[in-house]
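2 protein chains.
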Amino acid sequence: MSATTTPAHERPLRIGEVAELTGTTPRTIRYYEEIGLLDPAPERAQGKHRCYTKADVERVREIIRLRDLLGLSLDQLSQLLEAESARAHLRDELKQTEDPAERKRILKQLHEHISNQLDLVRGRLAELNDLAAELEDKQRRVTALLAELSD
Amino acid sequence: MSATTTPAHERPLRIGEVAELTGTTPRTIRYYEEIGLLDPAPERAQGKHRCYTKADVERVREIIRLRDLLGLSLDQLSQLLEAESARAHLRDELKQTEDPAERKRILKQLHEHISNQLDLVRGRLAELNDLAAELEDKQRRVTALLAELSD
DNA sequence: TGCTATTCTGACGTTTACGTAAGAAAGCAA
DNA sequence: TTGCTTTCTTACGTAAACGTCAGAATAGCA
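Chains P and C, in that order, give the protein sequences. Quick note: the first sequence, position 55, residue 159 per the working numbering, numbers continuous. Quick note: the second sequence, position 46, residue 150 per the working numbering, numbers continuous.
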């Protein structure tokens, strides 16, 4: 977990705290690590407790958000977030280089990753909009009938 | 199934056809009937083949649509569609009565059922919109950085 | 009426996404 | 160091949503 470096100043969080902060359970977090949705917590020997940063909490929150909002399996979500992980990596890379050509290449990749997510979200959004429109239509018809009766 | 009366002129569909038309499988359709998501096909003796109408196909389509779009369990979906079923019933009732008071009562119930569904859909829509907005924001930032480099 | 394709009803199998329990180990506090 | 809480790993359990298979029955057709 935490592909980015852990800030030394913030107290490391334990799995129970992360679970509470994100409204899940330790089991779920371990499970997500198990299936590769979360990177294994770094610098941690076998049997030692996992420790997390606030950034990790955000990461978990985003996973849960996407899980609940898009109708994807955790497997599909993995693929989407692989891109996410790559994105974080790219951001790091971006900070390290001054070479314009490099920066340009990295930015373009970032752009594409985000585009992919946007496509997915917009697709869902469109479908939901259609549904809402149909319901509103029905609603209007009923309202019209009611109005007639109230004359 | 088919709470409304089956039009005599249309050839009854068999479960395999319905499955194909809706992009599912016979098993799924039987399962939905089993858990009460679909009303048991009417006028059908034990062991006889189920037969469906085009209206039933639409019903199945809507179930699948809601299943895929909203993140509900089939159980929750049942409850939502129970209202749906009631709505169909109300529509039938509506056609049968001329009494304005009765019609008004029925219309108000219809209105409420639709409102409930709309609330649900709009909730999802809002969340998805937030997500899309955030992604677009990131996208803009990346684009801005890219523009800087192209000077 | 016979043939063949579907469908029927169980019943058991499977995958996903965790829950739960057990025994050992780690972390912290006094 | 002792004691208590939390976490660790391993492993089995479970609910939802179907898949799959078996053997019998049905529906449409020649």
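The beta-carbon is built from N, C-alpha and C at its ideal position, and this holds for glycine as well.
Original post:
CA-CA distance, residue 244 (chain P) and residue 165 (chain P)?
Top reply: As a working note, residue 244 (chain P) is residue 140 in the first sequence. As a working note, residue 165 (chain P) is residue 61 in the first sequence. The straight-line gap from Cα to Cα measures roughly 38 Å.
Original post:
Got a sec: is the Cβ-Cβ distance from residue 208 (chain C) to anything in chain P below 7 Å?
Top reply: Residue numbering aside, residue 208 (chain C) sits at position 104 when the second sequence is read from its first letter. Taking Cβ atoms only, chain P reaches closer than 7 Å to residue 208 (chain C), which makes this a yes.
Original post:
With a CB to CB cut of under 6 Å and the five nearest residues on each side skipped, what residues in its chain are close to residue 155 (chain C)?
Top reply: Locating residue 155 (chain C) in the second sequence gives position 51, counting from the first residue. Hits under 6 Å: 116.
Original post:
Fully enclosed by the region 202-255 of chain C, which alpha helix (DSSP H) runs are 4 residues long or longer?
Top reply: 204-253
Subject >> Proximity winner among C:138, C:222, C:195 and C:221, relative to residue 209 (chain C) (alpha-carbon distances) >> reply: If you number the second sequence from 1, residue 209 (chain C) lands on position 105. Measuring from the Cα of residue 209 (chain C), the nearest candidate turns out to be C:195.
**OP:** Rounded to whole angstroms, what's the CA-CA distance from residue 119 (chain P) to residue 129 (chain C)? Just pull it up for me.
**Re:** For the purposes of this step, residue 119 (chain P) is identified with residue 15 of the first sequence, where counting begins at 1. For the purposes of this step, residue 129 (chain C) is identified with residue 25 of the second sequence, where counting begins at 1. Spanning the two alpha carbons is a distance of roughly 42 Å.
Original post:
Among the residues of its own chain, which have a CB less than 8 Å from the CB of residue 136 (chain P), if the five just before and after it don't count?
Top reply: Mapped onto the first sequence, residue 136 (chain P) falls at position 32. The answer, listed in chain order, is 142, 164, 167 and 178.
Original post:
Rounded to a whole number of angstroms, what is the C-alpha to C-alpha distance between residue 221 (chain P) and residue 149 (chain P)?
Top reply: Numbered from its first residue, the first sequence carries residue 221 (chain P) at position 117. Numbered from its first residue, the first sequence carries residue 149 (chain P) at position 45. Their Cα atoms are separated by approximately 35 Å.
Original post:
When you compare each of P:157, P:151 and P:145 to residue 121 (chain P) by their alpha carbons, which one comes out closest?
Top reply: Along the first sequence, one-based indexing puts residue 121 (chain P) at 17. For the residues P:157, P:151 and P:145, the minimum Cα distance to residue 121 (chain P) belongs to P:157.
Original post:
By how many angstroms is the C-alpha of residue 213 (chain P) removed from the C-alpha of residue 251 (chain P)?
Top reply: Indexing the first sequence from 1 puts residue 251 (chain P) at position 147. Indexing the first sequence from 1 puts residue 213 (chain P) at position 109. Approximately 55 Å between the Cα atoms of the pair.
Subject >> Identity of the residues DSSP links to residue 155 (chain P) by a beta bridge >> reply: The residue given as residue 155 (chain P) occupies position 51 in the first sequence. In the DSSP output, where bridge partners are listed per residue, residue 155 (chain P) has P:118.
**OP:** Can you tell me which of C:219, C:240 and C:211 puts its alpha carbon nearest to the alpha carbon of residue 239 (chain P)?
**Re:** For this step, residue 239 (chain P) is matched to residue 135 along the first sequence. Ranking the options by Cα distance to residue 239 (chain P), first place goes to C:219.
Subject >> N-terminal and C-terminal residue of the alpha helix (DSSP H) that residue 137 (chain C) is part of >> reply: Start at 1 with the first residue of the second sequence, and residue 137 (chain C) comes out as number 33. 130-138 is the extent of the alpha helix (DSSP H) around residue 137 (chain C).
Original post:
In angstroms, rounded to a whole number, what distance separates the CA positions of residue 185 (chain C) and residue 197 (chain C)?
Top reply: One-based indexing of the second sequence puts residue 185 (chain C) at position 81. One-based indexing of the second sequence puts residue 197 (chain C) at position 93. C-alpha separation (whole angstroms): 18 Å.
Subject >> Contacts of residue 120 (chain P) in chain C (Cβ-Cβ under 7 Å) >> reply: Taking the first residue of the first sequence as position 1, residue 120 (chain P) is located at position 16. Chain C residues near residue 120 (chain P): none, gap ~27 Å exceeds 7 Å.
Original post:
What is the DSSP secondary structure of residue 124 (chain P), reduced to helix, strand or coil?
Top reply: The residue given as residue 124 (chain P) occupies position 20 in the first sequence. Reduced to three states, the DSSP call for residue 124 (chain P) is helix.
Original post:
With distances taken between CB atoms, is the gap from residue 258 (chain C) to residue 249 (chain P) smaller than 7 Å?
Top reply: Given that chain C is displayed from residue 105 to residue 255, the structure contains no residue 258 (chain C) and the question cannot be resolved.
Original post:
Can you list, in chain order, the residues of the region 230-248 of chain P whose Cβ is nearer than 8 Å to any Cβ on chain C?
Top reply: 231, 232, 233, 235, 236, 239, 240, 242, 243, 246 and 247
Original post:
By Cβ distance below 8 Å, which residues in the same chain neighbour residue 114 (chain P) in space, the five residues on each side in sequence not counted?
Top reply: Your numbering for residue 114 (chain P) matches position 10 in the first sequence. Closer than 8 Å at the Cβ level, and outside the excluded window around residue 114 (chain P), lie 157 and 158.
Original post:
Hey, does residue 185 (chain P) have any beta-carbon neighbour from chain C nearer than 7 Å?
Top reply: Sequence index remark: in the first sequence, residue 185 (chain P) carries index 81 (1-based). Judged by the 7 Å Cβ criterion, residue 185 (chain P) is not in contact with chain C.
Original post:
Using DSSP with H/G/I as helix, E/B as strand and the rest coil, what is residue 145 (chain P)?
Top reply: Walking along the first sequence from the start, residue 145 (chain P) turns up at place 41. Residue state, collapsed to three classes: coil.
**OP:** Apply the 10 Å Cβ neighbour rule to residue 253 (chain P) and answer buried if 16 or more other Cβ atoms are within range, or exposed otherwise.
**Re:** Taking the first residue of the first sequence as 1, we reach residue 253 (chain P) at position 149. Within 10 angstroms of the beta-carbon of residue 253 (chain P) lie fewer than 16 other beta-carbons, which makes it exposed.
**OP:** Just the C-alpha distance for residue 140 (chain C) and residue 216 (chain P), rounded to the nearest angstrom, thanks.
**Re:** Working through the second sequence from its first residue, we reach residue 140 (chain C) at position 36. Working through the first sequence from its first residue, we reach residue 216 (chain P) at position 112. Cα to Cα, the separation comes out at about 44 Å.
Original post:
Do you know offhand how far residue 247 (chain P)'s Cα is from residue 190 (chain P)'s?
Top reply: Against the first sequence, residue 247 (chain P) aligns to sequence position 143. Against the first sequence, residue 190 (chain P) aligns to sequence position 86. Going from the Cα of residue 247 (chain P) to the Cα of residue 190 (chain P) covers about 51 Å.
Subject >> residue 150 (chain P), DSSP secondary structure in three states >> reply: Sequence index remark: in the first sequence, residue 150 (chain P) carries index 46 (1-based). Looking at residue 150 (chain P) - three-state DSSP - the assignment turns out to be coil, as it is neither helix nor strand.
Original post:
Whose C-beta lies closer than 8 Å to the C-beta of residue 207 (chain P) among residues of the same chain, with five residues either side of it excluded?
Top reply: As a working note, residue 207 (chain P) is residue 103 in the first sequence. Beyond the five residues adjoining it in sequence on each side, residue 207 (chain P) comes within less than 8 Å, by CB distance, of 198 and 201 in the same chain, given in chain order.
Subject >> Contact list for residue 218 (chain C) against chain P, beta-carbon separation under 8 Å >> reply: By 1-based counting over the second sequence, the position of residue 218 (chain C) is 114. Result: 239, 242, 243 and 246.
Subject >> Beta carbon proximity, residue 192 (chain C) to chain P, threshold 7 Å >> reply: For the purposes of this step, residue 192 (chain C) is taken as the residue at position 88 of the second sequence. No, residue 192 (chain C) does not count as interfacial toward chain P.
Original post:
With a cut-off of 7 Å, does the C-beta of residue 163 (chain C) fall near any C-beta of chain P?
Top reply: In the second sequence, counting from the first residue as 1, residue 163 (chain C) sits at position 59. It does not; no Cβ of chain P falls within 7 Å.
**OP:** Identify whether residue 108 (chain P) lies in helix, strand or coil by the three-state DSSP scheme.
**Re:** Start at 1 with the first residue of the first sequence, and residue 108 (chain P) comes out as number 4. Summary for residue 108 (chain P): the model assigns pLDDT 44, below 50, so the residue's position carries little reliability, and this model does not support an answer.
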